[in-house]
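Reviewing the structure listed below.
In the working numbering, the protein residues as written are 712 to 996.
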């Protein structure tokens with residue numbers, strides 16, 4: 712019975728990864744300025760999650776001592792999305808997604824500092840493997856090259872995502888995942904609302920359906936399921952299992968956008984994901 716329950720948790724986390732992986736193709740497909748895309752994404756997803764929480768009768772109450780942490784997590788989430796979408800716009804689904812998947816190793820390195828867990832030297836070797844993988848993603852280290860900029864944005868996105876996940880780990884036991892996600896979406900919406908006025912947001916008239924899909928499937932459902940998984944897995948373990956996400960994303964990109972990754976991208980991605988698999992096996996043992 713316990714094994715069946717654990718399998719169900721694994722399947723739920725994989726469903727979350729499949730839904731979140733749609734962000735790559737949708738980020739490439741939606742033709743609006745990045746802050747506008749993320750602003751509408753957060754607004755639509757926030758409305759959907761609010762309706763869900765009201766329907767389920769979930770309380771929005773939070774402790775005053777937890778609010779600064781929740782606000783900070785919202786800011787980090789917004790930075791993660793913006794830098795990730797710039798990475799997608801500057802390259803392709805494969806490079807954009809693989810570059811942010813340095814975050815499991817970044818998480819493993821940061822977890823001892825943020826959550827005061829024991830530091831493990833093997834994580835330094837895995838970090839080196841990730842760096843070699845990044846080299847293959849961008850063999851020509853030229854800062855005028857859009858792919859180089861994309862990987863830099865991707866790694867910054869990974870850092871923001873790692874920090875957000877780590878600080879949220881301390882709160883998921885106290886609040887419903889949907890409520891935590893809703894508050895983060897409110898923070899992102901407030902921060903980006905000026906860009907909806909300053910930048911050209913008229914494209915939403917033609918792009919509302921993919922933007923709504925991004926808000927519903929990727930954000931409201933996918934990220935809420937992922938956040939809820941923190942109750943059942945450690946942050947590092949959840950990050951490791953989520954390594955399937957770029958595989959899902961690249962397949963979706965091939966099917967819907969015809970973006971077939973280059974050999975060097977495949978090799979770099981293989982090295983990055985190998986580090987994640989090694990950590991997965993190690994943690995399992």
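Note that the Cβ used here is the ideal one computed from N, Cα and C, for glycine as well.
Residue j beta carbon less than 8 Å from that of residue i
| i | j | result |
| --- | --- | --- |
| residue 734 | residue 929 | yes |
| residue 818 | residue 877 | yes |
| residue 812 | residue 890 | no |
| residue 967 | residue 727 | no |
| residue 902 | residue 738 | no |
| residue 838 | residue 816 | yes |
| residue 963 | residue 798 | no |
| residue 940 | residue 724 | yes |
| residue 870 | residue 806 | no |
| residue 833 | residue 993 | yes |
| residue 956 | residue 769 | no |
Residue range of the unbroken alpha helix (DSSP H) whose run includes residue i
| i | result |
| --- | --- |
| residue 739 | 733-740 |
| residue 860 | 857-880 |
| residue 909 | 888-909 |
| residue 752 | 745-767 |
| residue 810 | 804-811 |
| residue 849 | From DSSP, residue 849 is part of no alpha helix (DSSP H); its letter is neither H nor E. |
| residue 937 | 935-939 |
Spatial neighbours of residue i in its chain, beta-carbon cut-off 7 Å, leaving aside the 5 residues before and after
| i | result |
| --- | --- |
| residue 893 | 757, 760, 761 and 764 |
| residue 906 | 746, 747 and 750 |
| residue 830 | 823 |
Backbone secondary structure at residue i - three-state DSSP
| i | result |
| --- | --- |
| residue 967 | helix |
| residue 776 | coil |
Supposed contact pair residue j and residue i - C-beta distance, whole angstroms, cut 8 Å
| i | j | result |
| --- | --- | --- |
| residue 866 | residue 810 | 6 Å |
| residue 982 | residue 840 | 6 Å |
| residue 873 | residue 959 | So it is not a contact: roughly 20 Å between Cβ atoms. |
| residue 1001 | residue 921 | There is simply no residue 1001 to check, as the chain begins at 712 and stops at 996 in what is shown. |
Interface flag, residue i vs chain C, CB-CB below 8 Å
| i | result |
| --- | --- |
| residue 902 | Within the model displayed, chain C is absent; a lone protein chain is all it includes. |
Residues near residue i in its chain [Cβ-Cβ closer than 6 Å; skip 5 each side]
| i | result |
| --- | --- |
| residue 753 | 896, 899 and 900 |
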